[in-house]
Amino acid sequence: MKLLPTAVIVVLASAILWGMASFISSETGVSEESKKIANKEAEKPSINEASFVPTGSLLRQKESVENDPDNLELRFAYAESLLRTGTSNSDVSAIISSIAEFTKVLEQDPKHSPSLLALARVSFETGAVENSISYFDRYLTIKPKDKRARNDLALAYMQAGDYKTSIAILEELTFRHQDYFESRFGLAMARRLGGESKQAKADAEVAFNLASTERQKEAVKTFVSTIDLEAESPDPSDPKASEVTASATIPEHKQDLENYLKSHSILSEKLVTISWTSSDKAEVVLKDFPIAGMPEIAKQTFQAKAKASLAKHNLVVILTERENPSSRFTLLTTE
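Add 1315 to a position in the sequence shown, counting from 1, and you land on the number used in the numbering used here.
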């Protein structure tokens, strides 16, 4: 059996990629190290370092915070508004400002659980996985019964490549919450990434029966079909398989791109066609994929993961919407 190269799983069926602000609520909830973490985020080269200039209601919130700097609830509400604004308007500078404000709250109250959870999830979305794990751990010492946060911690470990820890967390969650779809489906994905395809398929079948929406069911179906495809693929160590492969060779860079797209947790179910306009340039048509609505953070995350997975090839890959061909996004570039 040949395992297809698998992009690190970022989200479950209830994907959070374009919904960071939804993580911040009255129920969400570190240390001197927090300020260093936020500063590190601001220093990342992929982030626009231009400072955010609030206007309107945001400006009024900022002024209220400045007039009452010790009021944690005012500052947290302002940070929350910055995050929502940054997410909805694809404004990275607003998101960076929100990180700074959440961190200021933690400087005054290291156990402020809403800020810990906000920073855990923003760190996860911006690719700072180690920071995300640290914040989730601290949050869960205060809110140990928050099953969603514990599930997200498992996803962070999965994204970091620590499948063993991710599986352990999700096994405990599925034992305690046997009807929780997200944990069961997450366990299936972690096991697949950890090489346990047979058990992964069994968990996926359980997840399908727990799914409450068509979107969840379709995500599970796609996942299972990918496992079945892997099972049908020849083992490259088998001499006979090598003979078959040699008789119908596909250029490695084309095969790797196809494998990457078909095994991607989001793009796989959206893929329509892959067209090569030149030897190193591909146009990928996707269905029901709102390129125009993608926040800059989401685009940067997609680009970073594609670049990491296809680093040995010098490719240009353009994504387009089937429903709106003029909407285009450069996933990979040679620049």
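Ideal Cβ placement from N, Cα and C applies to all residues, glycine included.
For clarity, every value in this text was computed on a predicted model and none was experimentally measured.
Tell me where the beta strand (DSSP E) around Lys1596 begins and ends.
1596-1601 is the extent of the beta strand (DSSP E) around Lys1596.
Do you know offhand how far Phe1617's Cα is from Arg1491's?
Taking the straight line joining both Cα atoms gives about 33 angstroms.
So which of Val1600, Arg1390, Ala1515, Ala1619 has the shortest CA-CA distance to Phe1538?
Comparing Cα-Cα distances from Phe1538 to each of Val1600, Arg1390, Ala1515, Ala1619, the minimum goes to Ala1515.
Given that a residue counts as buried once 16 or more other Cβ atoms are within 10 Å of its Cβ, and exposed if not, what is Thr1645?
When all chains shown are included, Thr1645 counts as exposed.
So what's Phe1367 in DSSP terms, helix, strand or just coil?
In this structure, Phe1367 counts as coil in the three-state DSSP scheme.
Examine the Cβ distances between the segment 1617-1627 and the segment 1583-1595 and report whether three or more of them are shorter than 8 angstroms.
The segment 1617-1627 vs the segment 1583-1595: no contact.
Hey, would you say Ile1457 sits closer than 8 angstroms to Ala1475, going by beta carbons?
Contact flag unset, no.
Name, in chain order, the residues that DSSP records as bridge partners for Phe1617.
Answer is none; Phe1617 lacks a bridge partner.
Alpha carbon to alpha carbon, how far is Val1420 from Ala1433? Give it in angstroms, no decimals.
Ala1433 and Val1420: Cα-Cα distance of roughly 11 angstroms.
Measuring alpha carbon to alpha carbon, tell me which residue in Val1631, Ser1641, Ala1607 is nearest Ser1403.
With distances taken between Cα atoms, Ser1403 lies closest to Ala1607.
Around the C-beta of Gly1510, are 16 or more other C-beta atoms found within 10 angstroms, so that it is buried, or is it exposed?
By the neighbour-count rule (16 or more Cβ atoms within 10 Å), Gly1510 is not buried but exposed.
Apply the 10 Å Cβ neighbour rule to Thr1649 and answer buried if 16 or more other Cβ atoms are within range, or exposed otherwise.
Looking at its Cβ environment, which holds fewer than 16 other Cβ atoms inside 10 Å, Thr1649 is exposed.
Could you give the DSSP three-state label for Glu1358: helix, strand or coil?
Confidence at Glu1358 is low in this model, with a pLDDT of 40, below 50, so the placement of that residue is unreliable and no value is reported for it.
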